[in-house]
Amino acid sequence: MNKLKILHMYSDMLDLYGDSGNMEILKYRCKMRGIECEIGKYSINSAMPDFTSFDLIYLGGGADLEQQHIAEDLHKCRQGIAKAYKRGVFLFLICGGYQLFGKYYKDADGNKMDGLGLFDYYTVAEPDRRKRCIGNIIVRTEFTGKTVDIVGFENHGGQTKNVKNPLGSVICGHGNCTKSTHEGYFEKNVIATYMHGPCLAKNPEISDYIISYCLSTKAGENIKLTPLDDSLEKKCRQVMVDRLTNK
Ligand code: GLN
């Protein structure tokens, strides 16, 4: 029961700005608590896994070209992923991965890639490649039950619209589209965000929300995690928050 089973999809294609580091952080935070963490990989032409057998499915971000390469293969997994999501498997999606779980992503050249359509949002990139949302970002979130300002780095041309339930509100940076008030997408078993960084290294609360959700779902009861010393991570984050808010 005390084990986290993760499926890291397209780790060879979707890995911008340290996105794979998110897996290292989950492994580390599990290890510190004596929780076993197993990470399986899936990429183009891998055998079709049983998506419901995992606690967490993870996709990082990628450039338009990588997204084009994986879009068709991802569709082959649609049924399995949709079933897993409905059963409560956690979906953690960064940037390019985030976009491909919505209705569609139309890139800067006008190529339209069908998304999995699990969620109602859709993304269209600015045709002018220089018009991108780039930089460090602060997002105010409430999903952990407390108000937490999380930080990350965004770099996307895609403008994501029709997001019914965002992850948080933008304090500094762009978010779902240029100068948006909101960032990401959230459901109790979905965190989708434009934040690279890697996001989990900078924001321990997100890691612990995910680990705790996965273990609690499996156990059928609320699992409380042993707290870890996150003082260094929080100090680093505060430096970034102060810098971005000119304190
Ligand atoms: N290619 C997508 C865009 O530019 C996603 C980029 C990313 O994952 N950082 O919007």
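Its first residue numbered 148, the sequence shown is counted upward by one per residue in my numbering.
Just so it is clear, CB atoms sit at the ideal spot from N, CA and C, and this is done for glycine as well.
Item to complete: Counting only the same chain and skipping the five closest in sequence on each side, list residues whose C-beta sits under 6 Å from that of residue 150.
Response: Cβ within range, chain order: 183.
Residue 340 beta carbon near the ligand GLN (any heavy atom closer than 8 Å): No; taking the cut-off as 8 Å, the Cβ of residue 340 has no heavy atom of the ligand GLN nearer than that.
Using a threshold of 9 Å, state whether the C-beta atoms of residue 197 and residue 365 are closer than that. No.
Tell me whether residue 251 counts as near the ligand GLN, meaning its Cβ is closer than 8 Å to at least one heavy atom of that ligand.
Every heavy atom of the ligand GLN is 8 Å or more from the Cβ of residue 251, so no.
What does the alpha-carbon distance come out to for the pair residue 199 and residue 181? Residue 199 and residue 181 have their C-alpha atoms some 24 Å from each other.
Which residues share a DSSP beta bridge with residue 287?
Beta-bridge analysis with DSSP links residue 287 to 296, 316.
Taking the alpha-carbon positions, what's the residue 378 to residue 259 distance? If you take the alpha carbons of residue 378 and residue 259, they lie about 44 Å apart.
Checklist line | Contact between the stretch 346 to 364 and the stretch 235 to 246 (3+ Cβ pairs under 8 Å) | finding: With the cut-off at 8 Å, the stretch 346 to 364 and the stretch 235 to 246 touch.
Pick out whichever of 310, 188, 217, 345 has its Cα sitting closest to the Cα of residue 172. Answer by Cα proximity: 345.
In whole angstroms, what separates the C-alpha of residue 228 from that of residue 367?
Straight-line measurement puts the Cα of residue 367 at about 21 Å from the Cα of residue 228.
Considering Cα atoms alone, identify which of 162, 357, 382 is closest to residue 372. When only C-alpha atoms are compared, the closest one is 357.
Per DSSP, what are the beta-bridge partners of residue 386 in this structure? As far as DSSP is concerned, residue 386 takes part in no beta bridge.
Query raised in the report: What does residue 238 pair with, by DSSP beta-bridge criteria?
Result: In DSSP, residue 238 forms a bridge with 204, 337.
Check: What do you reckon, are the CB atoms on residue 332 and residue 284 nearer than 9 Å?
Finding: Against a cut-off of 9 Å, the Cβ pair of residue 284 and residue 332 comes out as no contact.
Self-check item: Integer Cβ distance of residue 295 from residue 316, believed to fall under 8 Å
Solution: Their Cβ separation, rounded to whole angstroms, is 12 Å, which puts residue 295 and residue 316 out of contact at 8 Å.
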